[in-house]
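Same order as they appear, the protein sequences are chains A and B. Each residue of the first sequence is one higher than the last, beginning at 9 in our numbering. Each residue of the second sequence is one higher than the last, beginning at 423 in our numbering. Note that the Cβ used here is the ideal one computed from N, Cα and C, for glycine as well. Take a look at the structure set out below.
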Amino acid sequence: MDQSKIRNFCIVAHIDHGKSTLADRMIEKTGVLTSREMQNQVLDNMDIERERGITIKSQAVRMIYKAKDGEEYTFNMIDTPGHVDFGYEVSRSLAACDGAILVVDATQGVEAQTLANVYMALDHDLDVFPVINKIDLPSAQPQEVKDEIEDVIGLEAQDAPLISAKNGIGIEDVLEAVVHKIPAPTGDSDKPLTALIFDSIYDSYRGVIVFVRVRDGVIKKNMKVKFMATGAEADVVEVGYFGPGRFIASDELSAGDVGYFTASIKNIQDTRVGDTVTDSARPCAEALPGYKKVMPMVYCGLYPADSAHYSDLRDALEKLQLNDASLFYEPETSQALGFGFRAGFLGLLHLEVIQERLEREYDLNLVTTAPGVVYKVHKTDGTVFDLTNPSNLPDPSEIEYMEEPVVNGEIMVTTDYVGAIMQLCQERRGKYISTDYIEQTRAILKYELPLNEIIYDFFDALKSRSRGYASFDYELKGYERSELVKLDILINREEVDALSFIVHKDGAYERGRKMCEKLKDEIPRHLFEIPIQAAVGGKIIARETVKAYRKDVLAKCYGGDISRKKKLLEKQKEGKKKMRQIGNVEVPQAAFLSVLKLDSAD
Amino acid sequence: MNMGKELSLYIHIPFCERKCLYCDFLSFNAEKELMGSYFKTLSKEIQLSGKVYKDYIVRSVFFGGGTPSFPDHGKICDTLDQIKESFTMDDDCEISIEANPASAIYDKLQAYRNAGFNRLSIGAQSLNDEELKRLGRIHDSRQFFETYENARKAGFDNINIDVMSALPGQSLESYMDTVRKVIELRPEHISAYSLIIEEGTPFYDMDLELPDEEEDRLMYHETKKYLAQNGYHRYEISNYALGGQSDDTYECFHNKAYWIRSNYLGLGLGAASMIEDVRWSNIKDIKDYIAFMADDSSFDKIRENVENLSIEGRMEEFMFLGLRLVRGVDLNEFETLFKRTAEEVYAEVIYKYVEMGLLHRYVEKKSGHEYLCLTEKGLDVSNTVMADFLIE
């Protein structure tokens, strides 16, 4: 294919600025699909997936656009997640593109994530052009937003298309801008194959489906390819493009193309996102730079609710890791929860997404332990180790000191809420750096914040204290020494390892008290009284009691209608099954989760 | 005639003048005409069933509702006549009817007695008029005393009085006041239930001032203590009979039949049955019930939820139903019935709750059989214990 007619791009935006709607409109306008098909695709995606037995994440789609210059262009649009947690995912998607569309909400202007995403795109040498969305809203201020983009980001914005993705206004302008402002790929099809894996998924019928951007050379059926990082080799079975909602097989993919291939890949671990695929017979000299390797920032324990499903959980994690290289996991054992995994995530949202995918796509019932960050423990014997599981904290006498990760945080907020947000940062042990006013009504607050203060509910707190006007972005700054202690929770005088976590010593009492209160609400009353205690270094700092229940009898069992009674007993028994046995206390799975959201309770 | 096969009959009268606010039983008010068709249909069901269960001997009959005393007593007496005609009745057959103090006038009670009813159950619930009003009951305490007196006059020598605890606005004092007044009357049987707010009843959606759990338990314990002092023994979670613990003269045979899994046949709308380890219930729509019964080809349609109990199902029931009785379950009988010991099936549960003091094992002197029963503490939390007898 003529590379000058290919455009590989992505759309970046702050969350809710209209990225996916614009993507849908573009697919619609390019005529690959009729409006009706569009409808079906969007609505019935799950059904299509089920029917074909394949899972299509809409990370990439190919469109054919007939431009005003009369030429037909192939657009490969690659999806990027909008959330700060997924900086890594954004990064890997960007690596497959040559340019990016920046969507900015005409009523909201530039937000913290807008900046973060644009900078990331520029880091990848992408050409970025802005479009102003939601111009049909009464509160739209397109000119102000254009000026802001130029002032704050430094991108030329005066000729940015003014659009309403929702109402289909200005979509044509965006498509034209893609042709003119996004550069064509510049690979060489005659060179040895060099292709970047930007994603991969597992399908039970076809095995691993690898998503690639071909830089140089050609990949075709029956060819033997090599994965450079792992050294594994495989025979290509099928290559093709991303149709809307389905895969369209083709003969080959050549330089500049974006598409997929399947191959005789035996071990799903062989294909790593970010790796380079080359021709076994004629390998390229060196691998593509791949992606910035990102370390998981948040760890938690993942356990099957029913311990019999341990191996199912393992299989599911293995498959998920295929298209989510940032997911890390290793087996661990908890006294309270049995066999499970310690898993690492980019952030709390990432954790929630993975948890939900495990539960929905793999039909698993999970118990998640309190997430924590990675601490550096300096021991008295001079050694240092990374602590990902609070249970592994050595005896205090063996610890010289500990360090915790700290981030540079940027909060963009309207001036009305600066006070409230500063207070929030203060409460979260933030170190104030600066306030920059970007216009009269908006400021960027800069704080250094301990990561463990922001992983739980910082976003929620930020939103609620600014009535949704604040946006937040952060990057890891490094490790700093801190006075940390391990907070233990005892249920019926038994320490529950799954509920232990590391906390700053000043916050231990407050945290412990809230945990106890929350657990008191979550743990049903038993036949006996259950003390719930929080302890630091063996010293009890907070206590609540779940009273024993005194009554659990049935009303009149009338006319011999046993079925109702039996149903009631069955329900009771069923309810117990969803509980975790800790000593002789039945703890609902929800209790393990609820303690993560302590602040929302008050 | 095979004298070994015993049967209890439950007759459902789904009519009420007005539904009480806490009631979630199958009951409603209805036009005279509909009631007429219902009794006709019921009579037909009785006739047909009599043919099917001709080898059984009826040990107890219970007319429940609804309010059996609400419809015209002629219909009720005719229904009992139909039963006597269609089934083989035991000479000592216990024949009970429930009555509401508001509708049970002397003539009615007299007619019941003459028709052959020998046990009367009066739904007093409370003798505090404020409490009665809050429950949405149509009677007051004065009417109750009248009914009771009339019942004695009509010749009923086996009377039950229903009382309820944990009512909205009820205090321990007002409850005990009701209990005291009831005891003064010396009924042969007392049923003491605590109110359970069921989903789907008006009470469920109301903001009620209910006694807390402690008070509720106090009411229960006081009932037991006070009734024991006055010559009543508890033989089932909520039921007390006049006489010492081993005197079962006034224990309700019909009620016990459910817990010991005797055969019982429910006739009428929504009535539940269990015969030879098969359970079913009648449908709950009165129009369908009448229509299906009118046509010979659709009799079978009045039954639903037919369940052939598996051996596990029978073991479960044996335990969780039997434990409602204060004497508990006969473990020797368990072994005879199921060819396995209860320990084999339930070792863990039995051990756990005996350890916790909620279950108790003892040898019954007369039979020499081993029994397992709920302790005083266990009775309070019986559901928790019973649920663990369900097999996965």
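Spanning the alpha carbons of L330(A) and D211(A) requires a straight line of approximately 11 Å. At least one C-beta of chain A is nearer than 8 Å to the C-beta of S804(B).
Under the DSSP assignment, D560(A) falls outside any alpha helix (DSSP H); it carries neither an H nor an E label. Judged by DSSP secondary structure, D514(B) falls within the beta strand (DSSP E) whose first and last residues are 510–521.
Secondary structure note for L431(B): its beta strand (DSSP E) is the uninterrupted segment 428–435.
If you draw a 10 Å sphere on the C-beta of E36(A), you find 16 or more other C-beta atoms in it, and that means buried. Classified as exposed, E798(B) has fewer than 16 neighbouring CB atoms from the shown chains inside 10 Å of its CB. If the five residues before and after R100(A) are omitted, its C-beta is found closer than 7 Å to the C-beta atoms of F206, V281, G282, Y299, all from its own chain and listed in chain order. In the three-state reduction of the DSSP assignment, C499(B) falls in the helix class, which pools H, G and I.
Taking a cut-off of 8 Å on C-beta distances, the stretch 769–777 of chain B does not touch the stretch 704–721 of chain B, as fewer than three cross pairs fall below it. Only exposed fits D167(A), as fewer than 16 other CB atoms lie within 10 angstroms of its CB.
Under the Cβ criterion of 8 Å, K528(A) is not counted among the residues facing chain B.
According to the DSSP secondary-structure assignment, Y307(A) is paired through a beta bridge with G352(A), G380(A). Judged by pairs of C-beta atoms under 8 Å, the stretch 442–449 of chain B touches the stretch 487–494 of chain B, as three or more such pairs exist. DSSP places C292(A) in the coil class of the three-state scheme, outside both helix and strand. For I179(A), the three-state secondary structure derived from DSSP is helix.
Minimum Cα-Cα distance from D669(B) among the listed residues A546(B), Y657(B), K678(B) corresponds to Y657(B).
Among the bridge pairs identified by DSSP, F250(A) is matched with F255(A). Within chain B, no C-beta atom comes nearer than 7 Å to that of D314(A); the closest sits roughly 12 Å away. DSSP lists F83(A) as the beta-bridge partner residues of M71(A). Our two residues, G176(A) and D265(A), have alpha carbons roughly 28 Å apart in a direct line. For N727(B), the chain A residues whose C-beta falls within less than 8 Å of its own C-beta are S571, listed in chain order. Judged by beta-carbon spacing, G417(A) lies within the 8 Å limit of Y482(A), meaning their Cβ atoms are closer than that value. The contact set of E594(A) on chain B, defined by CB atoms closer than 9 Å, is empty, because the minimum CB distance reaches about 11 Å. It is roughly 13 Å from the alpha-carbon of M696(B) to the alpha-carbon of K427(B). Residues L366, Y370, L372 of the same chain have their beta carbon placed closer than 7 Å to that of A324(A), with the five preceding and five following residues left out of the count. Taking CB atoms only, E610(B) has no neighbour in chain A less than 8 Å away.
Among the residues of chain A, those whose CB is under 9 Å from the CB of D638(B) are R558, K559, following chain order. Within chain A, L577, E578, K581 have C-beta atoms less than 7 Å from the C-beta of L812(B), given in sequence order.
For the pair V504(A) and I590(A), the CB atoms are nearer than the 8 Å cut-off.
For V785(B), no alpha helix (DSSP H) run applies; the uninterrupted beta strand (DSSP E) run containing it begins and ends at 781–785, by DSSP.
A Cβ-Cβ separation of about 7 Å places L431(B) in contact with I505(B) under the 8 Å criterion. Here the alpha carbons of L201(A) and K513(A) stand approximately 56 Å from one another.
By the CB criterion at 8 Å, F714(B) and I724(B) fall inside the cutoff.
In chain order, W702 place their CB closer than 6 Å to the CB of V728(B), counting only its own chain and leaving out the 5 sequence neighbours on each side. Ranked by Cα distance from V561(A), the options I619(B), A521(B), I612(B), A650(B) are led by I619(B).
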